[in-house]
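Here this note's numbering is used: the sequence shown runs in plain steps of one and ends on residue 159.
By construction, the Cβ of each residue, glycine as well, lies at the ideal position given by its N, Cα and C atoms.
Notes to accompany the following structure.
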Amino acid sequence: MRLFLPLLIALPLMAAPALAQEEVGEFSNDWTGNGVVVQAFPDPGVQGVTCHVASFSRGLIDRMTKGNWFEDPSNSSIACRQTGPIVIGDIETDEEGEDIFSERRSLIFKSVAVRRIWDQKNQTMVYVVYSRQVKDASAKLGISTVPLFGQDVRREE
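Here it is, written out as structure tokens:
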């Protein structure tokens, strides 16, 4: 157990996302201490776009009564908006896009990620928040778009 405890403490720290994020809001949504946390993070490849992700956070009473101490639900919602002049960096432009944010929701198998997809035809950045959980029917996701049609968009050189 002595060897296991440091690992339990270190895993969430090692899984911390590399992307700068800021908690901009948090509130309790029931009497058991469960809450909602709202984080803001800039798109690292597209200057001028900020995404806000709202996620569920389990309280102490919920963890005690339902067990599963080291896991939060992977339900999340996303909204991305233009918050400054748009400057597009070196981004993936294929149909799979690229992950721009990831955060663990359990010690091992579950995380929530945000993927950016460039819709060239409609001149729109598409952002999808989704759960990476190794489980059947785990497709919990949300979508947001930032239209760039008619915008003064620059490419980073």
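Annotation for Phe-58: the continuous beta strand (DSSP E) segment containing it runs 48–59. The continuous beta strand (DSSP E) containing Ile-145 extends over residues 143–149.
Separation of Pro-149 and Gln-41 (C-alpha to C-alpha, rounded to the nearest whole angstrom) is 22 Å. Remark: C-beta atoms of Ile-102 and Arg-156 do not approach each other more closely than 9 Å.
By the Cβ neighbour-count rule, Val-114 is buried, with 16 or more other Cβ atoms within 10 Å of its own. Note on Arg-117: 16 or more other CB atoms within 10 angstroms of its CB, so buried under the neighbour-count rule. Exposure of Trp-33 is indicated by the presence of fewer than 16 other C-beta atoms within 10 angstroms of its C-beta. DSSP, read as helix, strand or coil, puts Glu-100 in strand. Residues of the same chain with a CB within less than 6 Å of the CB of Ser-146, apart from the 5 flanking positions on each side, are Ile-80, Ala-81, Cys-82, Tyr-129 in chain order. For Glu-105 and Asp-154, the gap between their C-alpha atoms comes out near 32 Å.
When rounded, the separation of the alpha-carbon atoms in Val-51 and Gly-86 is 7 Å. Ranked by Cα distance from Thr-95, the first of Thr-126, Asn-36, Gln-84, Ile-88 is Thr-126. Taking the C-beta atoms as reference points, Gln-49 is found no nearer than 9 Å to Glu-159. In the structure shown, Trp-120 adopts extended strand secondary structure according to DSSP, grouped into three states. For Val-131, the closest of Gly-144, Gln-122, Val-39, Glu-100 by C-alpha to C-alpha distance is Gly-144.
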